[in-house]
Ligand SMILES: *Cc1c(COP(=O)(O)O)cnc(C)c1O
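Residue numbers (the numbering used here): 2 to 363.
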């Protein structure tokens, strides 16, 4: 059996529905910031429980623009986690600010206990990442942020639909950024992202920053580039937004099944009820590399997300070395198993059985 980590091909009936959505856009012809963009912004804001959403070109630009909306620039520091896709750090650095890395907890999310010490007089924002689709400890993070008067921008790229106490990812921070690329929970079929805010002034600023900093598409008041979202992607995103409850339910079902089968041989992600939407299902084991090789030989594609901690990327080697012992240890033990919602029971059974076989269990 061959099990790819992810299969982005689309089958009917979804394919037919997506093509109908694209057909509508081609027919009305408003392909740049058309009515589907405004509709997507309304619906995503409502879903996440915030006032405004601004559709943009990708998750990286969503993060960058959220930081720009806060006025982050040269001379500022922005505190973030050591463990994320490098887009988080790039968004900070492209503003001209200096990224400051904080260690994670065992759950791979920013450790609030180490946050306080990383905040200085120059800290202009804190960017926690809901890594793997599991919410950070936002109460603790917001407590530090509020005490120090520093705004929080959630990198919620991996956590669309995750919630705690009835509050969804993206509604905790001053602003939040989502990636809507084809690998994410709410997905387009190309690049897309969205920024959330409750503040009308920030929303207007984001709308200007998304298109060359121009107000009313005339006067450029802020130096920026073009970060618009495509109407066709927005139209297809509206189709997939309807499927979110089913996608999340199936991912939780797969996660519960893996945990049931594997908890005695590897470390499984904790079961946090509705807080985790399992963007990735990440196990931890000291024998990670050997397990990965054996699963590959068995036809099962797995991933290390990510092989490099953010401070260890070549472009950021010049920064002061942070003390991140937990991220370093966890980074050597993590492995993402295939957990796409379209996997069949037969496929998840094969994955679980091969992992067990590697450990000589059963
Ligand atoms: C995917 C992702 C991004 C970047 O999103 P793109 O749409 O690929 O630009 C940023 N942060 C995290 C945590 C992500 O997973």
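Glycine included, C-beta positions come from ideal geometry on N, C-alpha and C. It should be emphasised that the depicted structure is a prediction, and the values quoted were computed from it without experimental measurement.
Practice item. Give the DSSP-derived three-state secondary structure of residue 227 in the structure shown. Key: strand
Review point. For residue 109, does the count of other Cβ atoms within 10 angstroms reach 16, so buried, or fall short, so exposed?
Key: buried
Review point. Measuring CB to CB, does residue 279 end up less than 8 Å from residue 134?
Key: Cβ atoms of residue 279 and residue 134: closer than 8 Å.
Check your understanding: Nearest-angstrom Cα distance between residue 358 and residue 5?
Key -> 19 Å
Point to revise | Closer than 7 Å: residue 214 CB and nearest ligand 1 heavy atom | key: no
**Study point:** Sheet register partners of residue 221 (DSSP bridge)
**Key:** 215
Check your understanding: From residue 289 to residue 271, what distance separates their C-alpha atoms?
Key -> 19 Å
Check your understanding: Is the Cβ-Cβ distance between residue 105 and residue 266 less than 8 Å?
Key -> no
Point to revise | Cut-off 8 Å between Cβ atoms - residues of its own chain near residue 81, not counting five sequence neighbours on either side | key: If we look at residue 81 and ignore the five residues flanking it on each side, its Cβ neighbours are 89, 90, 93, 100, 101, 102, 103, 111, 127, 128, 129, 130, 156 and 311.
Practice item. Apply the 10 Å Cβ neighbour rule to residue 137 and answer buried if 16 or more other Cβ atoms are within range, or exposed otherwise. Key: buried
**Study point:** Length of the line joining the Cα atoms of residue 150 and residue 260
**Key:** 40 Å
Check your understanding: What does residue 164 pair with, by DSSP beta-bridge criteria?
Key -> 169
Check your understanding: Of the choices 7, 360, 283 and 20, whose alpha-carbon is the least far from that of residue 132?
Key -> 283
Check your understanding: When the Cα of residue 2 is compared with those of 47, 194 and 301, which residue comes out closest?
Key -> 301
Point to revise | Backbone CA spacing between residue 307 and residue 184 [nearest angstrom] | key: 15 Å
Exercise for review: Check the C-beta distance from residue 33 over to residue 229 and give it rounded, since I have them as a contact under 8 Å.
Suggested key: 7 Å
Check your understanding: Taking only runs of the alpha helix (DSSP H) that begin and end inside the region 9-50, which ones reach a length of at least 4 residues, in chain order?
Key -> 15-29 and 36-49
Exercise for review: Just mark residue 221 as buried or exposed, buried being the case when its beta carbon has 16 or more other beta carbons within 10 Å.
Suggested key: So residue 221 ends up on the exposed side.
Check your understanding: Alpha carbon to alpha carbon, what distance is there between residue 64 and residue 318?
Key -> 22 Å
Check your understanding: Would the C-beta of residue 281 count as close to ligand 1, meaning under 7 Å from any of its heavy atoms?
Key -> no
Exercise for review: Could you tell me the distance, in whole angstroms, from the CA atom of residue 250 to the CA atom of residue 23?
Suggested key: The straight-line gap separating the alpha-carbon atoms of residue 250 and residue 23 is approximately 27 Å.
Exercise for review: Report the option in 172, 263, 207 and 223 whose CA atom is closest to the CA atom of residue 45.
Suggested key: 172
Practice item. State the beta-bridge partners of residue 81 as determined by DSSP. Key: In DSSP, residue 81 forms a bridge with 102 and 128.
Check your understanding: Using the beta-carbon count (16 or more within 10 Å), is residue 231 buried or exposed?
Key -> buried
Exercise for review: Rank 58, 41, 31 and 8 by C-alpha distance to the C-alpha of residue 241 and give the top, closest one.
Suggested key: 41
Exercise for review: Take residue 53 and list the residues in its own chain whose beta-carbon comes closer than 6 Å to its own, dropping the five residues that flank it on each side.
Suggested key: Closer than 6 Å at the Cβ level, and outside the excluded window around residue 53, lie 46, 198 and 204.
**Study point:** Beta-carbon proximity of residue 210 to residue 70, cut-off 8 Å
**Key:** In terms of Cβ geometry, residue 210 and residue 70 form a close pair [threshold 8 Å].
Exercise for review: Answer yes or no: do residue 49 and residue 175 have a C-beta to C-beta separation smaller than 8 Å?
Suggested key: Not closer than 8 Å, so no.
Practice item. Give a yes or no on whether the C-beta atoms belonging to residue 196 and residue 57 are separated by under 8 Å. Key: In this structure, the beta-carbon distance from residue 196 to residue 57 falls below 8 Å.
Point to revise | Buried/exposed call for residue 51, threshold 16 Cβ in 10 Å | key: buried
Practice item. Find out if the Cβ-Cβ distance for the pair residue 18, residue 235 is shorter than 8 Å. Key: Not a contact, by the Cβ cut-off of 8 Å.
Practice item. Can you say whether residue 361 is buried or exposed, counting buried as having 16 or more other CB atoms within 10 angstroms of its CB? Key: exposed
**Study point:** Bounding residues of the alpha helix (DSSP H) (the contiguous stretch that carries residue 360)
**Key:** Where residue 360 is concerned, there is no enclosing alpha helix (DSSP H), given that its DSSP letter is neither H nor E.
Review point. Would you say the beta carbon of residue 156 comes nearer than 7 Å to a heavy atom of ligand 1?
Key: yes
Review point. Of the residues 293, 182 and 7, which one's Cα is nearest the Cα of residue 237?
Key: Nearest of 293, 182 and 7 to residue 237, Cα basis: 182.
Check your understanding: How about residue 247: is its Cβ closer than 7 Å to a heavy atom in ligand 1?
Key -> no
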